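Counting from 19, one number per residue, gives the positions in the sequence shown under our numbering. Beta carbons are placed, not taken as given, at the ideal position from N, Cα and C, and that holds for glycine. A quick note: this is a predicted structure, and the numbers were derived from the prediction, not measured.
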Amino acid sequence: MNSSFTSNSEYAVGEPPAPTERVPNSNAVLLSGRGWLAVVAGFAAVLYLCPLLWARLERWRRPADYRLPYELSDDYWSFERWSAAASAKCPVLVVGDSVVWGQYGTPGQTLTHYLNLAQGTSAFANLGVDGLHPAAMSGLLRYYGKPIQNKGVVLHVNVLWMSSAKHDLRAKEEFRFNHPALVPQFWPRLACYRPSFSERVGIVAARCLPFVSLMKHVRAVDFTNMDLDNWTLENPYADPLPLLKTKMPAPDDAPRSAPVPWTESGTPEQDLRWVRLDSSFQWASFRQTVALLQARHNKVFALVGPFNTHLLTPGSRKRYGILKSALAKRLEETGVSHYVVPELPTEEYADASHPLSAGYARMAAELSKAAAFREWRADHK
């Protein structure tokens, strides 16, 4: 039996069997080096072409006195597109926070509207963004304002952002503030801003990859700022595709807040401490913004104020006067054309820094007559 087994077996007794030939998995795809290059190139093409295609497909109606919808205040994809459209159409762009945007007025009751009305033109475009403090403005224009070149740019300086160490982003304790995705993520470090490392990396990636900004835009416009996973959990049987409207929402033709004078809203007297310009992070950020715009061959005009000194204590009003003089002096020393808005009548303020419609009309009329503005404006007809 043993001899029979040995003669009929393929292997001798005690000899290990030879390794069997491996059968390729029919579901596997083995790529060569060229194949991987083709995949990477195709993926990069999708990332690059999708934002361009979406910008062509998305319908966007921009009437006179257009401003970004309030709900898209942190949709920087939309800001970049609006800055490109406004740059192509208008010689002067007005950039700032909700004072420029017009918190207490309709689109037809904003500073840009009254400037166009006072000068009989349509030269001024409203690039205001709610909550755009100077550090956020610097990041917004650096990463999403590249279309703004060879233009006249009016930069609004809201001194409210320098009224305390907290507003100046120099507080030691962590707190939530507007537009954290626009401030420096790695340097300089802000003690009050403590996201995770992965969150910081994601923010930097969004600045570099338009596709990431586009995805955030789609979530804001079509999915009420929810990512697809969470939206699917809340709507397990719904089809997300019909929600892709490829249509920008129209801005509300109404004030964001009730246009009531501050004297009627019960606003208490305020004792603001203010910060020194030499140590102010917001002021340093504003200076960086001016340098950035000038490097892109823009002519900058700084508009300081308005600020409602009627609600300040006597001591705070005195300190504000010192700060205002220091701002004007620094702008003068650096050769930046500027205008410091004089105090408006108390009934034309809605709060500490926002005028009502009558205040905007007065600002526009007085600014249009200011010699510094007329001289600066002569280059941007």
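Buried/exposed call for residue 26, threshold 16 Cβ in 10 Å: Low confidence applies to residue 26: its pLDDT is 47, below 50, so where it sits in the model is not reliable enough to give any reading.
If you drop the 5 nearest sequence neighbours on each side, which residues of the same chain put their C-beta closer than 7 Å to that of residue 157? 200, 201
Quick one: what does DSSP say residue 131 is sitting in, helix, strand or coil? helix
Note down the Cα distance separating residue 309 from residue 154, rounded to an integer number of angstroms. 15 Å
When the Cβ atoms of the segment 169-183 are set against those of the segment 301-316, are three or more pairs found closer than 8 Å? yes
Cβ of residue 103 within 8 Å of Cβ of residue 80? yes
Report the option in 233, 177, 105, 74 whose CA atom is closest to the CA atom of residue 359. 177
I need the boundaries of the alpha helix (DSSP H) containing residue 308, first residue and last residue. 299-313
Just list the alpha helix (DSSP H) runs in the segment 99-180, keeping only unbroken ones of 4 residues or longer that don't cross its boundaries, in chain order. 116-119, 129-137, 152-162
Quick one: what does DSSP say residue 342 is sitting in, helix, strand or coil? helix
Going by DSSP, what residues sit across from residue 387 in a beta bridge? Residue 387 is not bridged to any residue.
Answer with buried or exposed for residue 352, where buried requires no fewer than 16 other C-beta atoms within 10 angstroms of its C-beta. exposed
Count the other CB atoms, across all protein chains shown, that sit within 10 Å of the CB of residue 20; report buried if there are 16 or more and exposed otherwise. Residue confidence for residue 20 is low, a pLDDT of 49 falling below 50, so the modelled location carries little weight and cannot support an answer.
Pop quiz: residue 224 and residue 234 are said to be a contact at Cβ under 8 Å. What is the actual Cβ separation, rounded to whole angstroms? 7 Å
Please check the pair residue 163 and residue 115, which I expect to be a contact at CB under 8 Å, by giving their CB distance rounded to whole angstroms. The Cβ separation is near 15 Å, so there is no contact.
Just the C-alpha distance for residue 381 and residue 375, rounded to the nearest angstrom, thanks. 10 Å
My output table needs one value for residue 96: the three-state DSSP class, helix, strand or coil. helix
Three-state secondary structure assigned by DSSP to residue 184: coil
If you follow the beta strand (DSSP E) that residue 358 is part of, which residue opens it and which one closes it? 355-358
Look at residue 324 and residue 85 and say whether their C-beta atoms are less than 8 Å apart. no
When you compare only the Cα positions, how much space is there between residue 365 and residue 294? 30 Å
Since residue 339 and residue 362 should fall inside the 8 Å C-beta cutoff, what is the C-beta to C-beta distance between them, to a whole number of angstroms? Not a contact, Cβ separation roughly 16 Å.
Exposed or buried, residue 281, counting other C-beta atoms within 10 Å across all chains shown (16 or more means buried)? exposed
Can you give me the C-alpha to C-alpha distance between residue 187 and residue 212, rounded to a whole angstrom? 12 Å
Contact defined as beta carbons within less than 8 Å: I believe residue 140 pairs with residue 290. What is the distance between those atoms, to the nearest angstrom? The Cβ separation is near 37 Å, so there is no contact.
Simplified DSSP assignment, three categories, for residue 12: Examination of residue 12 is not possible in this model, given that the chain is present from 19 through 399 alone.
With a threshold of 16 other CB atoms inside 10 Å of the CB of residue 219, please say whether the residue is buried or exposed. exposed
For residue 320, which three-state DSSP category applies? strand
Check this for me: beta carbons of residue 83 and residue 131, under 8 Å apart or not? yes
For residue 389, which residues in the same chain have their Cβ closer than 6 Å to its Cβ, ignoring the five residues on either side in sequence? none
By the three-class DSSP mapping on this structure, what secondary structure does residue 411 have? There is no way to answer for residue 411, as the model of the chain reaches only from 19 to 399.
In or out: residue 198 buried (at least 16 other Cβ within 10 Å) or exposed? buried
Opposite residue 203 in the DSSP bridges: which residues? Per DSSP, none; premise fails for residue 203.
Spatial neighbours of residue 272 within its chain, please: CB distance less than 7 Å, with the 5 preceding and 5 following residues excluded, ordered by chain position. 124
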